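**Q**
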């Protein structure tokens with residue numbers, strides 16, 4: 044990304060920005076669908092996520108493309124209410140409905156840790172995820188879906204994994220799980236208690252922020 048492009052995006056997010064000092068690509072997105080860029084400005088550091096998924100064809104790519112649209116909607120509409128407990132704050136989002144999505148957000152606080160070890164950090168994770176679930180509990184989740192969040196969240200419900208389901212053994216423990224998988228999926232979908240959840244929660248997609256108080260952590264889901 045060139046500095047002049049970064050400046051336009053930075054000013055859309057933070058109008059007081061007058062200069063971009065440096066632009067650095069820090070990660071590629073899954074499936075080569077874009078990149079994550081750190082932009083150092085005169086008054087603030089920003090993270091810009093540039094997503095390019097113009098012509099998804101495979102089941103996996105279609106799933107990823109849909110998840111990026113949901114991510115854009117989340118950062119545009121909801122991150123401001125949850126940024127103190129579960130995520131970074133979205134400052135500017137753009138989606139041209141042709142597979143090009145841009146999300147400008149605050150960077151992760153510093154310092155951070157990318158491991159969960161011991162009771163304190165584990166409880167921090169559980170508290171933050173519980174806060175996310177509580178925020179969207181009940182009718183709020185229906186409103187969120189109407190605002191563009193996923194009607195069926197997560198990367199691991201049965202509809203998203205037809206290839207994995209087909210390859211499961213029909214014997215042993217795996218065979219037993221295969222036999223009840225559709226019933227479990229139906230029970231989860233029909234259950235009256237619904238909320239929004241993190242789409243792909245795992246250790247590699249999270250970090251912990253240590254506060255000045257000993258053993259007091261805050262969890263950020265990426």
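Residue numbers (my numbering): 44 to 265.
Backbone N, C-alpha and C fix where the C-beta goes; we use that ideal spot for every residue, glycine too.
Computed from a predicted model, the values in this text were never measured in an experiment.
1. Taking the alpha-carbon of residue 108 as reference, which of 170, 131, 162, 145 has the nearest alpha-carbon?
2. How big is the Cα-Cα spacing for residue 68 and residue 79?
3. Per DSSP, residue 88 is paired with what?
4. Might you give, ordered along the chain, the residues of its own chain that have their beta carbon closer than 7 Å to the beta carbon of residue 190, omitting 5 neighbours on each side?
5. Between 94, 178, 223, 50, which lies nearest to residue 70 when the distance is taken from Cα to Cα?
6. My output table needs one value for residue 161: the three-state DSSP class, helix, strand or coil.
7. To the nearest whole angstrom, what separates the beta carbons of residue 242 and residue 110, a pair I think is in contact under 8 Å?
8. Consult DSSP for residue 60 and reduce its assignment to one of helix, strand or coil.
9. Sort 212, 89, 45 by Cα distance to residue 60 and report the nearest one.
10. Per DSSP, what are the beta-bridge partners of residue 69 in this structure?
11. Drop a sphere of 10 angstroms on the beta-carbon of residue 177, count the other beta-carbons inside from all chains shown, and report buried for 16 or more, exposed for fewer.
12. Assign residue 172 to one of three DSSP states: helix, strand, or coil.
13. Using only the alpha-carbon positions, how far apart do residue 183 and residue 238 sit?
14. Which residues bound the alpha helix (DSSP H) around residue 137?
15. State buried or exposed for residue 162, treating a residue as buried only when at least 16 other CB atoms are found within 10 Å of its CB.
16. Look at the alpha carbon of residue 174 and the alpha carbon of residue 104, and state the distance between them as a whole number of angstroms.
17. In this structure, does DSSP put residue 194 in helix, strand or coil?
18. Is the beta carbon of residue 142 closer than 7 Å to that of residue 118?
**A** According to the data block:
1. Translated into the one-based positions of the chain shown, residue 108 becomes position 65. It is 145 whose Cα lies nearest to the Cα of residue 108.
2. Walking along the chain shown from the start, residue 68 turns up at place 25. Walking along the chain shown from the start, residue 79 turns up at place 36. For residue 68 and residue 79, the distance between alpha carbons rounds to 6 Å.
3. By one-based count along the chain shown, residue 88 stands at place 45. DSSP links residue 88 through a beta bridge to 83.
4. By 1-based counting over the chain shown, the position of residue 190 is 147. Result list for residue 190: 116, 120, in chain order.
5. For this step, residue 70 is matched to residue 27 along the chain shown. That would be 94, whose Cα lies nearest to the Cα of residue 70.
6. Numbered from 1 along the chain shown, position 118 holds the residue referred to as residue 161. Residue 161 falls in the helix class under three-state DSSP.
7. Sequence index remark: in the chain shown, residue 242 carries index 199 (1-based). Sequence index remark: in the chain shown, residue 110 carries index 67 (1-based). Indeed, because the Cβ distance is near 6 Å, the residues count as touching under 8 Å.
8. The residue you call residue 60 lines up with position 17 of the chain shown. Residue 60: coil per DSSP, three-state reduction.
9. Locating residue 60 in the chain shown gives position 17, counting from the first residue. Nearest C-alpha to residue 60: 89.
10. On the chain shown, position 26 is the one that residue 69 refers to. None, per the DSSP bridge assignment.
11. In the chain shown, the residue the question calls residue 177 occupies position 134. With fewer than 16 other CB atoms across the displayed protein chains lying within 10 angstroms of its CB, residue 177 is exposed.
12. Within the chain shown, the letter at position 129 stands for residue 172. Looking at residue 172 - three-state DSSP - the assignment turns out to be helix.
13. Numbered from its first residue, the chain shown carries residue 183 at position 140. Numbered from its first residue, the chain shown carries residue 238 at position 195. Their Cα atoms are separated by approximately 8 Å.
14. Taking the first residue of the chain shown as 1, we reach residue 137 at position 94. Residue 137 -> not in any alpha helix (DSSP H); beta strand (DSSP E) instead, spanning 133 to 138.
15. On the chain shown, position 119 is the one that residue 162 refers to. It is exposed - the Cβ of residue 162 has fewer than 16 other Cβ atoms within 10 Å.
16. In the chain shown, residue 174 corresponds to position 131, counting from 1. In the chain shown, residue 104 corresponds to position 61, counting from 1. In a straight line, the C-alpha of residue 174 is about 30 Å away from that of residue 104.
17. Taking the chain shown and counting its residues from 1, one reaches residue 194 at position 151. Three-state DSSP puts residue 194 in coil, outside helix and strand.
18. Here the question's residue 118 lines up with position 75 in the chain shown. Here the question's residue 142 lines up with position 99 in the chain shown. Not closer than 7 Å, so no.
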